[in-house]
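Using this note's numbering, the first residue of the sequence shown is number 82, and each one after it goes up by one.
No residue lacks a Cβ here, since even glycine has one placed at the ideal position from N, Cα and C.
All values derive from a computational prediction rather than experimental measurement.
Heads up, the thing below is written out as structure tokens.
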Amino acid sequence: MKKILTFNFVFMITVLVASLAAAAPDQYPGDSSIYGVQAPLQPNVLIVIDNSGSMTGTVPGGSYNPATSYTAVNKCYSSTSKKNNQPCLANAVYLVGSDTDKTADGYVNSSVNNISTSCNGVNPRDILQTTGFYSGRRLSSDGTSCNARRTSSYATGNYINYLNTPGSGDVQKIVVAKDVIKNLIQSTNNVKFGLMQYYYTSSYASGANGGELVTTTSVPGAIGTTYTAEVKKMEDIFTGTITNRTALLKAVEGIQPNGYTPLGETLFEAGRYFSGGTPAFGATNGVSNGGTYTSPVENTCQKHYIVFVTDGMATADNSNVLKSICNNGDCDADGVEPGDLQHSMDDVAKYLNSQLTKDGKKLDIVTFTIGFGLSGADADAVALLTRTANPTHGKGGYFAANSQTDLSAAFTTIMTQIFSVNSSYVAPVVPVSPQNRTYGGSRIYMGFFKPTSTNWIGNLKKFGVDAGTNIVDSDGNYATWEDIDGDGYDDRAPHATLPTGTVNGSFRTTSKSFWNSVTDAGEVDEGGIGALLAARTASTRNIYTLTPTGTSLIPLNSTSSGSYVITPAMLSVADTTESAELIKFTYGEDAYDANGNGNTTETRDWVMGDVLHSRPVIVNYASYVFSSLNEENCSTNKTLIYVGSNDGMLHAFNDCDGSEAWSFVPPEVLPYLQNVNNADNSYFVDSTVSTYIYNKLNDGNINPANGDKVILLFGTRRGGGTAAAPTGGGYYALDVTDPASPVFLWKISNATAGFSELAESWSEPKIVKMKIGTTSTIAAIIGAGYDNANEDGRYGATQTFPATAAGVDTTDSGSGAVTSSGTSGPTSPKGRGVYVVQIATLAGTGVPTVATSPTRIWGYTYGATVATTASGITDPNMTFSLPSEISAIDSKNTGFADILYAADTGGNIWRFNVGNTNTALWTGKKIFSSNPGSGGSSDKGRKLFYKPSVVTEPGYRMIYFGTGDREHPLNTHVVDRMYALKDPNTISTTKTESDLLDVTSDALQTTTIASGIGSVADLLSQLTASTNFGWYIKLDQNSGEKVLAPPTVFNKVVYFTTYAPGASSTDPCVAGNLGTSRLYALNYQTGEAVLNYDKANDSGTLPNKRAIYAGGGILARSDRVKTTGSGIPSGVVVLITPGGQTKLLTGVGGAIAGETPPPGGSIVPLYWRQK
82 MKKILTFNFV FMITVLVASL AAAAPDQYPG DSSIYGVQAP LQPNVLIVID NSGSMTGTVP
142 GGSYNPATSY TAVNKCYSST SKKNNQPCLA NAVYLVGSDT DKTADGYVNS SVNNISTSCN
202 GVNPRDILQT TGFYSGRRLS SDGTSCNARR TSSYATGNYI NYLNTPGSGD VQKIVVAKDV
262 IKNLIQSTNN VKFGLMQYYY TSSYASGANG GELVTTTSVP GAIGTTYTAE VKKMEDIFTG
322 TITNRTALLK AVEGIQPNGY TPLGETLFEA GRYFSGGTPA FGATNGVSNG GTYTSPVENT
382 CQKHYIVFVT DGMATADNSN VLKSICNNGD CDADGVEPGD LQHSMDDVAK YLNSQLTKDG
442 KKLDIVTFTI GFGLSGADAD AVALLTRTAN PTHGKGGYFA ANSQTDLSAA FTTIMTQIFS
502 VNSSYVAPVV PVSPQNRTYG GSRIYMGFFK PTSTNWIGNL KKFGVDAGTN IVDSDGNYAT
562 WEDIDGDGYD DRAPHATLPT GTVNGSFRTT SKSFWNSVTD AGEVDEGGIG ALLAARTAST
622 RNIYTLTPTG TSLIPLNSTS SGSYVITPAM LSVADTTESA ELIKFTYGED AYDANGNGNT
682 TETRDWVMGD VLHSRPVIVN YASYVFSSLN EENCSTNKTL IYVGSNDGML HAFNDCDGSE
742 AWSFVPPEVL PYLQNVNNAD NSYFVDSTVS TYIYNKLNDG NINPANGDKV ILLFGTRRGG
802 GTAAAPTGGG YYALDVTDPA SPVFLWKISN ATAGFSELAE SWSEPKIVKM KIGTTSTIAA
862 IIGAGYDNAN EDGRYGATQT FPATAAGVDT TDSGSGAVTS SGTSGPTSPK GRGVYVVQIA
922 TLAGTGVPTV ATSPTRIWGY TYGATVATTA SGITDPNMTF SLPSEISAID SKNTGFADIL
982 YAADTGGNIW RFNVGNTNTA LWTGKKIFSS NPGSGGSSDK GRKLFYKPSV VTEPGYRMIY
1042 FGTGDREHPL NTHVVDRMYA LKDPNTISTT KTESDLLDVT SDALQTTTIA SGIGSVADLL
1102 SQLTASTNFG WYIKLDQNSG EKVLAPPTVF NKVVYFTTYA PGASSTDPCV AGNLGTSRLY
1162 ALNYQTGEAV LNYDKANDSG TLPNKRAIYA GGGILARSDR VKTTGSGIPS GVVVLITPGG
1222 QTKLLTGVGG AIAGETPPPG GSIVPLYWRQ K
């Protein structure tokens, strides 16, 4: 049959312009702190130095001398310039990256004397002053403090100038090489270094035999004691107080040139050393009594590198050992080997990149090569070294060096590349956000994000849903694995075994998202809308914004009299050159030449920013007969997808082909656009849009001639917020009735009259219809927002705040069983309230007249005293911010919302009665407080971030909600709860846990008492008593377990999802604390188990009849819950196909976990929608 696309609500899963002195933006990691990292393992770096006879030849020399002022080059940044074409100031410090053009990658500080003197046990200032170069733990943005979790490389301006200075005088290559390597070892920290040279037998004239670890017995203070240059931590002790670093420097000095050049054999020997194997050519240095090397490999995630410095072509690779790998030594199938082993070095490098240790661990050794002083006659050597290190062999890189400065620059570049790779491993990798999925009809839209070393990237992808509720790809094949019963096999025929590392809902690697033909599955930087943006000419994008006083949208790159309308002051940059570059960068141009190819007008490698908390919202503008051809036809399918991202804008994408129609940069984030290109993620449009849609004919076709309207209303969450109190944020209203021409309507912030309590705009607007006087009014209900400057600093078992809110340390995640300090109230607080804002008024025909300026209908906010007016109420009891969405109820079925429920960060539930047509008679009341709990005065600190779910029962409403500090997910000092609160609408005093029944133990299903106190009849009587106002469950079995999503009620079952952090890991291969996600399925009236999640207890004795599971088995407390994966899960979404099949979907880490609900009638939570 034909399927007609019409307007419907899709299922959604959870999830003032500054001057140059712009306030510091809010960059607190919040819920992304679960992806925080361990300090990285030190990478293993084995340097192989050519000690053949030809190293006595000469090259231009000249060691770096910090006392020499080298001629400045224009290859650096300044404190105000975003481009590295400024003079390199000798005493300044710069960030250096993995480029090869001897330039700076960022500005750090004007003076090396300001640099930190203590960073993970080393003195970066002293190293920079002595050697000009420092590699090690990352410094703060100005270099004055240390970040112990990541690594970076830095250089003084004088050292960069040196690298760009031609060498002078002729110096033996071996002397230059030793000098450069010694400087490298002295300047580099958090790297394990080792040293290998060619191994010569006593009669080396007959040929060389691979390589050997260098040794020395000449270490000052330890003369006679042998130091073997195995790959070791440089800060560890060799003997007495002498470090390995000191000993290795002496070992370098002792290298002497003689003999031939066995390139392939020596690289092969290096591989034997890394794998812990036996020497291949008879070397004895570093070999144990058992005849094997001791491998330097500590963990599977550790990185391993060989840096091979040579000045010539292989002249002694002739051992049959080289034929023992791959196909007679021909690992790259080029046909050269085994006949010509002098060209085997590239084959060995390819082999080492996939080699296993003797205990089966994959090494992935990366090989770099440096051709030192090679002349034009050495073309064969250059070709071999280049091939050895290329992306299909050693995967490192080849560097040509013809002088001492060249060799120094090559090593500098290699080390920064090594640090870059190592840091990218420890970065928090988040393939799919659990908060940003939208389900609708037969399609699923998914937002993604992934941190990188320079900025966070994102994507938006579309998949399908078939008639059997299976998630499918663009070819109609299964896109995910489904293993609901957890047996390790796909639940669908032919019941394939799940690949290692996959779970229920994981993407199949063969799946293809829509809009592209590539096999991209869940990869963030493959396919999807992100790939389309990257392929688009950046200047053709339609990006709109507003000036601070503007009332109409203008292109971000609008010009007037030859200058951009958006001025440097609006962008908080120094001059028009920088503002022009920033605007072009925002469009997607590589304005700062990130890839170093000299082209600043090309489109960046990846343009779309992370989609972190914004859920895609789908708006259908035209009804059409659904088919694949019609869906891909942009003249038929006029559906748009609206989603915010942290690249600075709200995006509008065409569903037909994934192309971007337009985007909008809110003016409040303009001063912070310069932070998009930072490793520390910034926030911009990080919230979800709400829509008001009026379709007069209800035919699914938006026709402005009929008075049809589509209005978007959205906040920015942390975007635009400031780190210090008082914070701020804003809401924007756009008329997108014509999806190709958005129109700005209005904006509100705490600078807008009547909205002074607004904090960061976290609360997703609830669009409702209300009766105001005699006028039907479309209104948006919003919580006043999140008071980040105060709440980010409060965690653990406390209801009080630190004495100051000058900005929270972004590394202070509140991790562990800790409570924040402070006994005071909040400083310059915001967010304490609820606002009702007019969207439109309706004529008698129902046609809306849309408001073009912000109009407050009513507010309920904090005030020192109680005061009531027609425009609102102030209440001294409203002392905590309200970041959650508001629940709106039409309790009398009149078509108008009359009751609102809201939750605050103090753990309180508020009810507002707003049904009277006279707003002066509207009321509000705190009806429940979770703090303190039943455990006494110290049992507190519970917060609420999500709206309650509401179910209407005869004579009362049940309000379901769970507590959990979303912004401190790693804190374990609070016992959170799941609640079911009964509201008969007559509550006169604030209820607490003493007014609810504790059903944590699930006594109804576990009691064996037949009658009297503690029996089933007694417990049911307590639940239904008029003095009882619901039930609660303590999350006391898993430390730190918390509810971080709204509950869902369906088929008389209430579903909660939870997150619990894991134990702090000392495993350096475990990045962050993804913890455990769980799903609870509870009887909505009693909190009992309803599904047999724990089959291990089915063989036990049946306690009572309520423990009987209809499908066979026993129900008890442990049957309430199942583990669904890792990471913070979304709430549960009910997916119902046109054929009536149902499935519960939960976003869990990188998967979409499915669950089969129990059969029976449905209880659906009430919500409000208005066309």
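Could you check whether residue j and residue i sit closer than 8 Å to each other, using their CB atoms as the reference points?
i, j, result
"Tyr175", "Ala236", "yes"
"Gly238", "Gln485", "no"
"Thr933", "Trp827", "yes"
"Gly340", "Tyr281", "yes"
"Ala878", "Lys1021", "yes"
"Tyr867", "Ala840", "yes"
"Thr1237", "Ile565", "yes"
"Val1253", "Asn172", "The displayed coordinates of the chain run from 82 to 1252. Any statement about residue 1253 would go beyond what the structure contains."
"Ala351", "Val129", "yes"
"Leu344", "Ala310", "no"
"Ile635", "Thr626", "yes"
"Leu541", "Val692", "yes"
"Lys183", "Leu265", "no"
"Asp1083", "Phe1110", "no"
"Ser197", "Thr232", "no"
"Ser837", "Gly810", "no"
"Thr628", "Pro748", "yes"
Using alpha carbons as the reference points, say which of the options lies closest to residue i.
i, options, result
"Asn779", "Asp816, Asn701, Asp736", "Asn701"
"Ala1177", "Ile1195, Gly1168, Gly202, Glu1169", "Ile1195"
"Gly52", "Gly393, Leu1216, Tyr432, Gly611", "Since the first residue shown for the chain is 82 and the last is 1252, residue 52 is missing from the structure and cannot be characterised."
"Val388", "Glu379, Val312, Gln423", "Val312"
"Glu1034", "Ser1120, Leu1062, Arg1187, Lys1072", "Leu1062"
"Tyr1027", "Gly1016, His732, Gly1043", "Gly1043"
"Gly371", "Ser144, Ala650, Gly357", "Gly357"
"Asp738", "Asn758, Ser716, Glu749", "Ser716"
"Lys847", "Thr359, Ile970, Trp562", "Ile970"
With H, G and I counted as helix, E and B as strand and the rest as coil, what does DSSP make of residue i?
i, result
"Asp1200", "helix"
"Gln278", "strand"
"Pro752", "helix"
"Tyr1161", "strand"
"Ala258", "helix"
"Thr1237", "coil"
"Asn471", "coil"
"Ser504", "Note that Ser504 scores 30 on pLDDT, short of 50, meaning its location in the model is unreliable; the coordinates nonetheless yield the value given after this. The answer is helix: DSSP assigns Ser504 an H, G or I state."
"Met959", "coil"
"Ala491", "helix"
"Leu652", "helix"
"Ser660", "helix"
Since residue i and residue j should fall inside the 8 Å C-beta cutoff, what is the C-beta to C-beta distance between them, to a whole number of angstroms?
i, j, result
"Val1134", "Ala1162", "5 Å"
"Gly111", "Glu1048", "4 Å"
"Phe745", "Leu815", "7 Å"
"Ala303", "Ile323", "6 Å"
"Tyr982", "Ile1040", "6 Å"
"Gly608", "Val599", "5 Å"
"Leu1155", "Gly1212", "With 8 Å as the limit, Leu1155 and Gly1212 do not qualify as a contact, their Cβ atoms being about 18 Å apart."
"Ile862", "Ile967", "4 Å"
8 Å is my cut-off, CB to CB: does residue i come that close to chain B?
i, result
"Asn1173", "Checking the listed chains, one finds no chain B in this structure; it contains a single protein chain."
Are there any heavy atoms of the ligand COA lying less than 7 Å away from the beta-carbon of residue i, as far as the coordinates show?
i, result
"Gly940", "Only the bare structure without any ligand can be found here, which leaves the ligand COA out of the picture."
**Request:** At 3 residues or longer, and completely inside the segment 892-942: list those beta strand (DSSP E) runs for me, N to C.
**Result:** You should have 914-923, 929-931.
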